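Q: Before I ask anything, let me first share the structure, which is written out below as structure tokens.
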Amino acid sequence: MRISEKIMLAAEKQLNADCGIGENREHVVKAANGILFCRAPRFPEKGYLTAASFGELVRQAMQKETGMQARIYEGIDPFFRGILCGGRVRIMAADEIFDWCVREYGSLKHPEWLGQFSGLRALDGKLRRYGRRIEDVRLNFLPGGKKEERDRKDSFPFEIRWMEEGDLAGRRDLAAFRHAVCGSELTPDVLAAAALKDGRIVGMAGATQDCGLLWQIGVDVDEAYRGRGIATVLVRLLKEEILRRGKIPFYATSQSHILSMDTALGAGFLPAWTEIYAAASRSGR
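If you want it as structure tokens, here you go:
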């Protein structure tokens, strides 16, 4: 099972846009080791803006540079972003740390090891000088090719209920499934598949529209029903439906969350890229 070339090419184009890299490669430096460094645009100060409002301003500024809608998340600071995909590395960095990033990473013999702890420690130390820190390092998955399905829908002992964007908005009763239904203004919930037992939702996989093409899948299962394969089935069903709608589903998790990775693999996803996020430092940390 492999990620198709069509999906991979489309995803890589999006990852370029996520790091401010447009077709004309303006403001981009390519190091001898192949790493692409993009000087981040000047973004407005967050001030008293909500996280969603600030994120939308960042998205608009980046779209002016690339012509594409970037994946921007609430609470994430565009001061730094690093994406490692297929042996290729993209880094977007603010003016204050741009030259440091080029010196620090442009000489790496093996850029794919950028996510090692020693490198992350140095980056975090640099970010903290400017009031930022590493927020997370996430492993992202894309759908693989066809293979024999292990868990058939017709043998699944739960009712499946589909919910569209209008069904998900403002649903307080779905608060227990916060990884599936996020309620973000910046990345709206657009589709979900729920598993029901005796009319009650016991598991849910939901998709957010993170940009024009990529929809992110998240999943939650009621604690009493975990370990029964519900998450894997729901994620697979949602993945297939998103593909039918002409979008590309992806699944993201922390690099230490093995159970979540197992769900992704079981649902027909394969590892595709690693992403390093920055955020504003919390006081006292």
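Position one of the sequence shown corresponds to residue 1 (UniProt numbering), numbered consecutively onward.
Every residue, glycine too, gets a C-beta built ideally from N, C-alpha and C.
This structure is a prediction, so every number in the text was calculated from the model and none was measured.
Quick check: the Cα distance between residue 5 and residue 19, rounded to an integer number of angstroms?
A: About 21 Å.
Q: Look up residue 19 in the DSSP assignment and say whether it is helix, strand or coil.
A: Coil, per DSSP.
Q: Residue 113: which of 83, 142, 167, 64 sits nearest, CA to CA?
A: Ranking the options by Cα distance to residue 113, first place goes to 83.
Q: For a quick check, are the C-beta atoms of residue 181 and residue 174 less than 7 Å apart?
A: For residue 181 and residue 174, yes; Cβs fall inside 7 Å.
Q: So, are the CB atoms of residue 102 and residue 276 less than 7 Å apart?
A: Cβ distance not < 7 Å, so residue 102 and residue 276 don't count as in contact.
Q: Could you name each continuous beta strand (DSSP E) segment of 3 residues or more that falls completely within the UniProt domain "N-acetyltransferase" (142 to 285), going from the start of the chain to the end?
A: You should have 159 to 164, 189 to 197, 200 to 209, 214 to 221, 248 to 254, 269 to 280.
Q: On the CB-based measure, 16 or more other CB atoms within 10 Å of its CB, does residue 254 come out buried or exposed?
A: Classification of residue 254: exposed, given that the 10 Å Cβ count is below 16.
Q: Of all the options 11, 135, 273, which has the alpha carbon lying nearest to the alpha carbon of residue 120?
A: The shortest C-alpha separation from residue 120 is found at 135.
Q: Under 8 Å, with one C-beta from each stretch per pair, do the region 200 to 215 and the region 246 to 262 reach the 3-pair mark?
A: Enough Cβ pairs lie closer than 8 Å, so yes.
Q: State buried or exposed for residue 142, treating a residue as buried only when at least 16 other CB atoms are found within 10 Å of its CB.
A: When all chains shown are included, residue 142 counts as buried.
Q: Among 279, 271, 278, which residue has its Cα nearest to the Cα of residue 8?
A: Looking at the Cα atoms, 271 is the closest of the given residues.
Q: Measuring straight from C-alpha to C-alpha, what distance separates residue 90 and residue 111?
A: Near 10 Å, if we compare the C-alpha coordinates of residue 111 and residue 90.
Q: Return the chain-ordered list of same chain residues with a C-beta closer than 8 Å to the C-beta of residue 64, the five sequence neighbours on each side being excluded.
A: Result list for residue 64: 41, in chain order.
Q: By how many angstroms is the C-alpha of residue 2 removed from the C-alpha of residue 145?
A: For residue 145 and residue 2, the distance between alpha carbons rounds to 5 Å.
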